[in-house]
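Chemist: Questions regarding the structure given below will be posed in turn.
There are 2 protein chains.
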Amino acid sequence: MPAPTPASGESKSRRRAGRPMAAILDHAGITLAALELINKKGYDGLTMAALARTLGVAPSALYNHVASKDDVLRLVEEDLMSKVDFGGFRTLPWEDAVRQWAYSYRGIFARHTPLISVIAVLPVTDAPQTLSMYEAVTEGFLRAGFPEEQIIPCIVALEAYVFGAAFDANAPADIFDSGRLAESTPHFTSAVRSLGGESKSNYPSDLAFSMGLDALIAGFGALRH
Amino acid sequence: MPAPTPASGESKSRRRAGRPMAAILDHAGITLAALELINKKGYDGLTMAALARTLGVAPSALYNHVASKDDVLRLVEEDLMSKVDFGGFRTLPWEDAVRQWAYSYRGIFARHTPLISVIAVLPVTDAPQTLSMYEAVTEGFLRAGFPEEQIIPCIVALEAYVFGAAFDANAPADIFDSGRLAESTPHFTSAVRSLGGESKSNYPSDLAFSMGLDALIAGFGALRH
DNA sequence: ACCTGAACACCGTTCAAGT
DNA sequence: ACCTGAACACCGTTCAAGT
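In the order they appear, the protein sequences are chains E and R.
Under UniProt numbering, the residue at position 136 of the first sequence is numbered 136, and the numbers go up by one with no gaps.
Under UniProt numbering, the residue at position 167 of the second sequence is numbered 167, and the numbers go up by one with no gaps.
Take a look at the structure:
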């Protein structure tokens, strides 16, 4: 966990007496502090008061730099988007690039599901990191031979799948335990039992994610000319 | 919008002076009132205070019937699940049944996206409506010739896709407007423009949903023996 | 330009007191 | 058994007053 140390050339110290830590009150500093808070206490712990506390200022001071808490969430989202690995679209076959991208995308947002409702409805207009991801992915699809007008729908569908799967990755292992109602749902209960134990991987939904992703890649891949 | 009229045989009137409406304070009544509130004011309008107001009681009275607000959300979720159309699995070819189910599922939860984070992590143990849907879908997959151990992963993947797509259905039409940054993302901007106007359907994400669903159905359908 | 401190209008939840 | 009313510990946000 990288501590929010101030940038290098601080001539006038921003540190105040009695404050444990100095941090720079700009978008980058706010983003860093928000991520630190989320990692440490989860999204319930991300309050404007806690954020201000981390930064060593009064809560109201934040409103000189962001318009609202939603604004903070948008800053965090942009930072996360820049961490999604879409590099494969310049180096790998299309199928592998999509797979790498989707796994990276899901892995990051599985730990940030509260952002998904924000992203899905957020116009991309002032989100440069998000836009540069879309640009790279679009280029990858073009190079792979997709008709231009099919590309955005493919990306939208893949993203929907990734976001939905990100929620599943947080599900408890016993999510499909039918409990007392097992005897009234025999086929379902048996199908769940046939899956076997939790030995295979970290997330019980990993097999499902892999299967669905394969189907999407195969189906979309056939659209290339 | 069905008004929350009291059940038929009310011998002692529950109406209080000055209260516009009577409603029964049980799980069914609370669910109905919550749905009415959500339809009228959205999820921001669903507060314990507003719910109590609708029901004509003090907020604290609700806690004699539910443990928390999350409990209320679970009641609403169960009610919505009972409205998802999975009847096709007993009457239609597998492909058509999946398509009908997925469209119905998405249509309902597109207007209840705040529930998705609750559902995705909620053990199915005490959710009879949800379980009966899973049972019917599982039966449909078995009848269609799926190996038992493939069924749950297929359902999980389809559900992930449906939930993700439910978010998209709420996106504004201009979500992909790259704005001032258009010239730095030429391929993406051009791909968006090639989609044409909004003439085709209500939701701009309908084409994407249809394409992804086709791919999942084709890919999974090949697993039957 | 940017901060503080007080205040506002809410939240969900608890609990003693009533009937 | 189930309700009321008061209270608690919070929220996000605004704004006059300072520097």
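All C-beta atoms, glycine included, are put in the ideal place defined by N, C-alpha and C.
None of the values given here were measured: they were computed from a predicted structure.
1) What residues of chain E sit near R:V72, judged by a beta carbon separation below 9 Å?
2) Give the range of the alpha helix (DSSP H) segment to which R:F176 is assigned.
3) Can you tell me the Cα-Cα spacing of R:N202 and R:P172, whole angstroms?
4) Going by beta-carbon coordinates alone, are E:K83 and E:I119 separated by less than 8 Å?
5) Is any beta-carbon of chain E found at less than 8 Å from that of R:T47?
6) Taking any Cβ of chain E, which residues in the stretch 72-88 of chain R have a Cβ under 7 Å from it, in chain order?
7) May I have the straight-line CA-CA distance separating E:G29 from E:C154, to the nearest angstrom?
8) How should E:G45 be labelled, buried or exposed, when 16 other C-beta atoms within 10 angstroms of its C-beta is the threshold for buried?
9) Going by beta carbon distance, what residues of the same chain come within less than 7 Å of E:H225, once the five residues before and after it are set aside?
10) Within 10 angstroms of its Cβ, does R:Y63 collect 16 or more other Cβ (buried), or is it exposed?
11) Residues in the same chain with beta-carbon distance under 7 Å from residue 227 of chain R, minus the five sequence neighbours each way, listed in chain order, please.
12) Just curious, the alpha helix (DSSP H) that E:K83 is in, first and last residue?
13) Which chain R residues sit within Cβ distance under 7 Å of E:H187?
14) Do the CB positions of E:V115 and E:L75 come within less than 8 Å of each other?
15) Under a Cβ-count criterion, where at least 16 other Cβ atoms within 10 Å of its own Cβ denotes burial, should R:T138 be classed as buried or exposed?
16) Taking the C-alpha atoms as reference points, what is the distance between R:M21 and E:G140?
17) Please state the DSSP three-state secondary structure of R:G42.
18) So within the stretch 117-186 of chain R, which uninterrupted alpha helix (DSSP H) runs reach at least 4 residues, ignoring any that extend past its ends?
19) Near E:L37, which residues of its chain fall below 8 Å by C-beta distance, leaving aside the five closest residues on each side in sequence?
20) What in chain E is Cβ-close to R:D103, meaning under 9 Å?
21) State buried or exposed for E:D174, treating a residue as buried only when at least 16 other CB atoms are found within 10 Å of its CB.
22) Count the other CB atoms, across all protein chains shown, that sit within 10 Å of the CB of R:A58; report buried if there are 16 or more and exposed otherwise.
23) Since R:Y63 is in the alpha helix (DSSP H), which residue starts that stretch and which ends it?
24) Taking all protein chains shown into account, decide if E:A222 is buried (16 or more other Cβ within 10 angstroms of its Cβ) or exposed.
25) Determine the chain E residues that contact R:V121 at a beta-carbon separation under 8 Å, and present them in chain order.
26) Could you tell me which of E:F188, E:R106, E:D79, E:P123 sits nearest to R:F176, measuring between CA atoms?
27) For E:F163 versus R:G164, is the C-beta distance shorter than 8 Å?
Modeler: So, to answer that:
1) Within 9 Å Cβ-Cβ: nothing; R:V72 doesn't reach chain E, min ~18 Å.
2) For R:F176, no alpha helix (DSSP H) encloses it, and the DSSP letter there is neither H nor E.
3) In this prediction, R:N202 has a pLDDT of 43, which is less than 50 and means its spatial position is unreliable; what the coordinates show is noted afterwards. About 11 Å.
4) No, the Cβ-Cβ distance between E:K83 and E:I119 is not below 8 Å.
5) So, not an interface residue.
6) Hits within the stretch: zero.
7) Roughly 35 Å separates the two Cα atoms.
8) Under this definition E:G45 is an exposed residue.
9) Excluding five sequence positions before and after E:H225, the CB atoms of its chain that fall closer than 7 Å to its own CB belong to G145, P147, given in chain order.
10) Exposed, since its Cβ has fewer than 16 Cβ neighbours within 10 Å.
11) The structure shown does not extend to residue 227 of chain R, since chain R spans only 1 to 225, so no value can be given for it.
12) No alpha helix (DSSP H) contains E:K83, which DSSP labels as neither H nor E.
13) The answer, in chain order, is E135, T138, E139, L142.
14) In the sequence as displayed, the identity of residue 115 of chain E is Leu instead of Val. Not a contact, by the Cβ cut-off of 8 Å.
15) With 16 or more other Cβ atoms within 10 Å, it is buried.
16) For R:M21, the predicted structure reports a pLDDT of 48, less than 50, and the residue's modelled location is therefore unreliable. The matter cannot be settled from this model.
17) Three-state DSSP puts R:G42 in coil, outside helix and strand.
18) Here the runs fully enclosed are 128-143, 148-168.
19) Around E:L37: G45, L46, A50, L51, T54.
20) A quick correction: the sequence has Tyr, not Asp, at residue 103 of chain R. Simply none; closest approach about 14 Å.
21) Exposed, by the Cβ-count rule.
22) That one is exposed.
23) First-last for R:Y63: undefined, no H or E at that position.
24) So E:A222 counts as exposed.
25) By Cβ distance, chain E contributes F167, N170, A171, P172, I175.
26) The residue from E:F188, E:R106, E:D79, E:P123 with its alpha-carbon nearest to that of R:F176 is E:P123.
27) Yes, Cβ-Cβ distance for E:F163 and R:G164 is below 8 Å.
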